[in-house]
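Inspection log for the structure reproduced underneath, given as structure tokens.
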Amino acid sequence: PLGLLLGFGSILAMNPRLFSQPILDLRLPSEDAIPKEVPAQAIDTSDPVWRFRYADTGTELLSGIPYWVFRIMPRIFEQELKGQGYARFGFGEDSHDYYFSRPVGRGLVLGDATLHLPGYELTASLKRVAINCSGCHRGEYRDEAGRVQTVDGMPNHSADVQGFKRFFTRGFKDPRFTPQRVIQEINRALIQEERRPPLTRYEELVYTLLVQGLQRSTELSPSLAPDGAWRDRRADSGPGRTDPFNALKIESLGMPDDHSAAQVDFPAVWNQRRELRSSYHCDGNTSDPRARDYSSLLGVGGTFLSIPRAQVAAIGEWLNSLRPAEYPFARPDPDSVARGLQSFRAHCASCHGLYDRAAGRITEVADSRYMRGDPDVGTDPERLKAFSSGVAAALNDFGDRRALWPRDAFRAPGAYLSGPLDGIWARAPYLHNGSVPNLAALLLPPDERPKTFYRGSTRYDPANLGWSSDQPTEGNRDLFLYRTVDEKGQPIPGNSNTGHPYTVPPAERADLIAYLKTL
2 PLGLLLGFGS ILAMNPRLFS QPILDLRLPS EDAIPKEVPA QAIDTSDPVW RFRYADTGTE
62 LLSGIPYWVF RIMPRIFEQE LKGQGYARFG FGEDSHDYYF SRPVGRGLVL GDATLHLPGY
122 ELTASLKRVA INCSGCHRGE YRDEAGRVQT VDGMPNHSAD VQGFKRFFTR GFKDPRFTPQ
182 RVIQEINRAL IQEERRPPLT RYEELVYTLL VQGLQRSTEL SPSLAPDGAW RDRRADSGPG
242 RTDPFNALKI ESLGMPDDHS AAQVDFPAVW NQRRELRSSY HCDGNTSDPR ARDYSSLLGV
302 GGTFLSIPRA QVAAIGEWLN SLRPAEYPFA RPDPDSVARG LQSFRAHCAS CHGLYDRAAG
362 RITEVADSRY MRGDPDVGTD PERLKAFSSG VAAALNDFGD RRALWPRDAF RAPGAYLSGP
422 LDGIWARAPY LHNGSVPNLA ALLLPPDERP KTFYRGSTRY DPANLGWSSD QPTEGNRDLF
482 LYRTVDEKGQ PIPGNSNTGH PYTVPPAERA DLIAYLKTL
């Protein structure tokens, strides 16, 4: 037995992917009819930029939608999508850096569901569509000519992840979503668009079972149930926001709903190395990169067995050195920038430090509070309520038992961090919950900030440093009306834009904004 064990280990060491072939091969001819990617260059799958944009991250297993179901849902629910397809949720056409065309949009990946066991991979050969890292952290803006430009590491503030998920969960419960209708629409796509044969009898049986399974999944899973689900008991997140740790607590840990509304704006993920960010997340609840990365994936449908850890670690290493994009519009006047720097030193540097873009480092000033929690900042407290010491203990136990992160990875800091302002031009809306539309508004006293504005625009406002936020539509796309108070004037939990009362004299604001454009 010992000799056999050593021999098996030697074979596995020489060929670690010996058992990585599909274990559950459904043999579906329609899988071969899925449109192939058309590369624009030679693809190196070890390229960290490619991995960030296009590699699967383990969310396919629980959150992935079978490709042909994904393909035909806009046909069944055309009215709900208003003819825009998945671009309605911010997952539209991709850039052409790597591919001329892909079967799914930007921020989405197509792959098999795989469980990663030690030396062994269990794969079901049914292609699923899921969101990966770039779905939330690859943003877009329109340049001065109106062309869409994308930026790696930038928050994707046009991506409505909650709306995207809600579209499917409500669709799966809709009377129009039946095995007969799904099979009919798949056959129409196969015959008319792909010039391929329709589903075989065997495939029709498989898709009948798949549809029935998707219908039942909305009754069994708290993350999928459209009626009375925990997400629907909060204000809508809208594009560019999410409630990741309540998702993790309720859906992965099975903890009771504490009714906290802990929505946060998608963060920028550049400059993640410890020299700039000794802690992660808006409250600094962890200093461990694995806890940062894996908890994010668990919150959007990954499991501890489905996460490809080596791949995620490689992406994390790349994010350590990724620099923020430079301000892409007209460069500010140098004299105004110089005056703005002096204003920043006087009013902002004690909390946020002085970021040197060329060197990629922070210089702290006297009485620095950089990367420290500020209990007096006064911003919306819901995220702090959501991440108590009990939650930290439960997460630490969960991660330690599954070898995801150390037992002491998470803590309940009780205050929000004052972090670096690198690439601040691209991180609007502002405050941890995205409740202030632009930096000009953030520099006003809290009671003078807008109580409502529109989120989801890709058009930039260089004068105020933020996204255009005063119009309800952009082209044929509806934008999201963000409210900080309800119809009675009462604060909406999770949406408050109070706090951070650090204003500057009106005469200094334009110069300070000019300086912030350079970071």
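For the record, in the sequence shown the residue sitting at position 55 is 56 according to this note's numbering, with numbers rising by one throughout.
Where is the CB? At the ideal position from N, CA and C, for every residue including glycine.
Query raised in the report: Does DSSP put Asp266 in a helix, a strand or coil?
Result: Counting from one through the sequence shown, the residue named residue 266 turns up at place 265. In the structure shown, Asp266 sits in a strand (DSSP, three-state: E or B).
Requested in this report: Ignore the nearest five residues each way along the sequence and tell me which others in Ser297's own chain have a CB closer than 8 Å to its CB.
Outcome: Position 296 of the sequence shown, counting from 1, holds the residue named residue 297. Excluding positions up to five away in sequence, the list reads Pro245.
Query raised in the report: By how many angstroms is the C-alpha of Ile44 removed from the C-alpha of His97?
Result: The residue labelled residue 97 in the question sits at position 96 within the sequence shown. The residue labelled residue 44 in the question sits at position 43 within the sequence shown. His97 and Ile44: Cα-Cα distance of roughly 13 Å.
Report task. Using a threshold of 9 Å, state whether the C-beta atoms of Gly300 and Ala262 are closer than that. Result -> Start at 1 with the first residue of the sequence shown, and residue 300 comes out as number 299. Start at 1 with the first residue of the sequence shown, and residue 262 comes out as number 261. Remark: C-beta atoms of Gly300 and Ala262 do not approach each other more closely than 9 Å.
Report task. Pull up the distance between the alpha-carbon of Trp426 and that of Phe330, whole angstroms please. Result -> Residue 426 sits at position 425 when you count from the first residue of the sequence shown. Residue 330 sits at position 329 when you count from the first residue of the sequence shown. Straight-line measurement puts the Cα of Phe330 at about 11 Å from the Cα of Trp426.
Query - Nearest to Ala416 (by Cα), restricted to the options Asp423, Ala387, Lys518 - result: Locating residue 416 in the sequence shown gives position 415, counting from the first residue. Of the listed residues, the one whose Cα sits closest to Ala416 is Ala387.
Query raised in the report: Who are the near neighbours of Tyr516 in its chain, counting only those whose CB is closer than 6 Å to its CB and skipping five residues on each side?
Result: By one-based count along the sequence shown, residue 516 stands at place 515. Once the five neighbours on either side are set aside, the close Cβ partners of Tyr516 are Val338, Gly341, Leu342, Phe345.
**Report entry** Proximity below 9 Å, CB of Glu32 to CB of Leu127
**Finding:** Taking the sequence shown and counting its residues from 1, one reaches residue 32 at position 31. Taking the sequence shown and counting its residues from 1, one reaches residue 127 at position 126. Yes, Cβ-Cβ distance for Glu32 and Leu127 is below 9 Å.
Query raised in the report: In whole angstroms, what separates the C-alpha of Tyr328 from that of Glu145?
Result: Numbered from its first residue, the sequence shown carries residue 328 at position 327. Numbered from its first residue, the sequence shown carries residue 145 at position 144. Those two C-alpha atoms are separated by around 12 Å.
Query raised in the report: Can you give the Cα-Cα distance for Ser224 and Glu205, rounded to whole angstroms?
Result: Translated into the one-based positions of the sequence shown, residue 224 becomes position 223. Translated into the one-based positions of the sequence shown, residue 205 becomes position 204. For Ser224, the pLDDT reaches just 44, beneath the cut-off of 50, and the residue's location in the model is therefore unreliable, although a value from the coordinates is still provided. Using only the alpha carbons, I get a separation of about 28 Å.
Query - Contacts around Trp406, its chain only, beta-carbon distance under 6 Å, and the 5 residues preceding and following it disregarded - result: Taking the sequence shown and counting its residues from 1, the one referred to as residue 406 is at position 405. Excluding positions up to five away in sequence, the list reads Asp289, Arg291, Ala292, Gly400.
Query raised in the report: Would you call the CB atoms of Ser418 and Asn498 closer than 9 Å?
Result: Position 417 of the sequence shown, counting from 1, holds the residue named residue 418. Position 497 of the sequence shown, counting from 1, holds the residue named residue 498. The sequence shown places Leu at residue 418, rather than the Ser named in the question. In this structure, Leu418 lies away from Asn498, with their beta-carbon atoms at least 9 Å apart.
Query raised in the report: With respect to the alpha helix (DSSP H) encompassing Tyr68, which residues constitute its N-terminal and C-terminal limits?
Result: In the sequence shown, the residue the question calls residue 68 occupies position 67. Taken as a continuous stretch (DSSP letters only), the alpha helix (DSSP H) holding Tyr68 covers 68-77.
Query - Sequence-distant residues of the same chain with beta carbon closer than 6 Å to Gly86, five excluded per side - result: Walking along the sequence shown from the start, residue 86 turns up at place 85. Once the five neighbours on either side are set aside, the close Cβ partners of Gly86 are Pro75.
Requested in this report: Pick helix, strand or coil for Tyr328, following the three-state DSSP scheme.
Outcome: The residue you call residue 328 lines up with position 327 of the sequence shown. Looking at Tyr328 - three-state DSSP - the assignment turns out to be coil, as it is neither helix nor strand.
Query raised in the report: When you compare only the Cα positions, how much space is there between Met256 and Gly391?
Result: As a working note, residue 256 is residue 255 in the sequence shown. As a working note, residue 391 is residue 390 in the sequence shown. The alpha-carbon atoms of Met256 and Gly391 are separated by roughly 10 Å.
**Report entry** Phe53, buried or exposed, once every other Cβ within 10 Å from all chains shown has been counted against 16
**Finding:** Taking the sequence shown and counting its residues from 1, the one referred to as residue 53 is at position 52. Per the 10 Å Cβ criterion, buried.
Report task. Give me the Cα-Cα distance between Gly420 and Leu520, rounded to the nearest whole angstrom. Result -> For the purposes of this step, residue 420 is identified with residue 419 of the sequence shown, where counting begins at 1. For the purposes of this step, residue 520 is identified with residue 519 of the sequence shown, where counting begins at 1. It is roughly 13 Å from the alpha-carbon of Gly420 to the alpha-carbon of Leu520.
Query raised in the report: Over what stretch of residues does the alpha helix (DSSP H) that includes Gln491 continue unbroken?
Result: Numbered from its first residue, the sequence shown carries residue 491 at position 490. Taken as a continuous stretch (DSSP letters only), Gln491 belongs to no alpha helix (DSSP H), as it is neither H nor E.
Report task. Take Arg486 as the anchor and find which of Asn496, Asn477, Thr151, Leu480 has the nearest alpha-carbon. Result -> Sequence index remark: in the sequence shown, residue 486 carries index 485 (1-based). Note that residue 486 corresponds to Val in the displayed sequence, not to Arg. For Val486, the closest C-alpha among the options Asn496, Asn477, Thr151, Leu480 is that of Asn496.
Query raised in the report: Secondary structure at Thr170, three-state DSSP: helix, strand or coil?
Result: In the sequence shown, the residue the question calls residue 170 occupies position 169. Helix at Thr170.
**Report entry** Option nearest Arg478 by Cα separation, candidates Ser64, Arg28, Glu81
**Finding:** Taking the sequence shown and counting its residues from 1, the one referred to as residue 478 is at position 477. When only C-alpha atoms are compared, the closest one is Glu81.
Query raised in the report: Who are the near neighbours of Pro463 in its chain, counting only those whose CB is closer than 6 Å to its CB and skipping five residues on each side?
Result: On the sequence shown, residue 463 is found 462 positions in, with the first residue counted as 1. Listed in chain order, the non-local C-beta contacts of Pro463 below 6 Å within the same chain comprise Phe330, local neighbours out to five positions each way being set aside.
Query raised in the report: Can you tell me whether DSSP reads Ser126 as helix, strand or coil?
Result: Counting from 1 along the sequence shown, the entry for residue 126 is found at position 125. Reduced to three states, the DSSP call for Ser126 is strand.
Report task. Decide yes or no for the touch test of the region 100-112 against the region 132-140: beta carbon pairs closer than 8 Å, at least 3 of them. Result -> With the cut-off at 8 Å, the region 100-112 and the region 132-140 touch.
Report task. Determine the burial state of Leu466: buried for a count of at least 16 other Cβ atoms within 10 Å of its Cβ, exposed for fewer. Result -> Position 465 of the sequence shown, counted from the start, is the residue given in the question as residue 466. By the neighbour-count rule (16 or more Cβ atoms within 10 Å), Leu466 is buried.
Query - Straight-line Cα distance separating Ser307 from Thr58 - result: Position 57 of the sequence shown, counting from 1, holds the residue named residue 58. Position 306 of the sequence shown, counting from 1, holds the residue named residue 307. For Thr58 and Ser307, the distance between alpha carbons rounds to 8 Å.
Requested in this report: Reducing DSSP to helix, strand and coil, say where Ser224 ends up.
Outcome: As a first step, residue 224 is located in the sequence shown; it is residue number 223 there, counting from the start. The predicted position of Ser224 is uncertain, since its pLDDT is 44 and thus under 50; no value can be drawn from it.
**Report entry** Start-to-end residues for the beta strand (DSSP E) that takes in His348
**Finding:** Numbered from 1 along the sequence shown, position 347 holds the residue referred to as residue 348. Boundaries around His348 are those of the alpha helix (DSSP H), 335-348, since no beta strand (DSSP E) includes it.
Query raised in the report: For Pro446, which residues from the same chain have a beta carbon less than 7 Å from its beta carbon, with the 5 sequence-adjacent residues on both sides left out?
Result: The sequence position of residue 446 within the sequence shown is 445, counting from 1. Hits under 7 Å: Pro502, Thr504.
Query raised in the report: What number of angstroms, rounded off, separates the C-alpha of Pro492 from the C-alpha of Arg384?
Result: Taking the first residue of the sequence shown as position 1, residue 492 is located at position 491. Taking the first residue of the sequence shown as position 1, residue 384 is located at position 383. So the alpha carbons of these two residues sit roughly 15 Å apart.
Query raised in the report: Is the region 143-160 in contact with the region 269-288, if contact means three or more CB pairs nearer than 8 Å?
Result: The region 143-160 vs the region 269-288: in contact.
Requested in this report: Quick one: residues in its chain with C-beta nearer than 6 Å to the C-beta of Arg408, no 5 flanking neighbours on either side, listed in chain order?
Outcome: Taking the first residue of the sequence shown as position 1, residue 408 is located at position 407. Counting only residues of its own chain and dropping the five nearest sequence neighbours on each side, Arg408 has a CB closer than 6 Å to the CB of Asn397, Asp401.
Query raised in the report: How many whole angstroms separate the CB atoms of Pro529 and Leu482, which I take to be in contact at a CB cut-off of 8 Å?
Result: Residue 529 lies beyond the range of the chain shown here (2 to 520); nothing can be said about it.
Query raised in the report: At what residues does the alpha helix (DSSP H) containing Asp294 begin and finish?
Result: Working through the sequence shown from its first residue, we reach residue 294 at position 293. From DSSP, the alpha helix (DSSP H) with Asp294 extends over 290-299.
Query raised in the report: For Ala114, does the three-state DSSP call read helix, strand or coil?
Result: Counting from one through the sequence shown, the residue named residue 114 turns up at place 113. The answer is strand: DSSP assigns Ala114 an E or B state.
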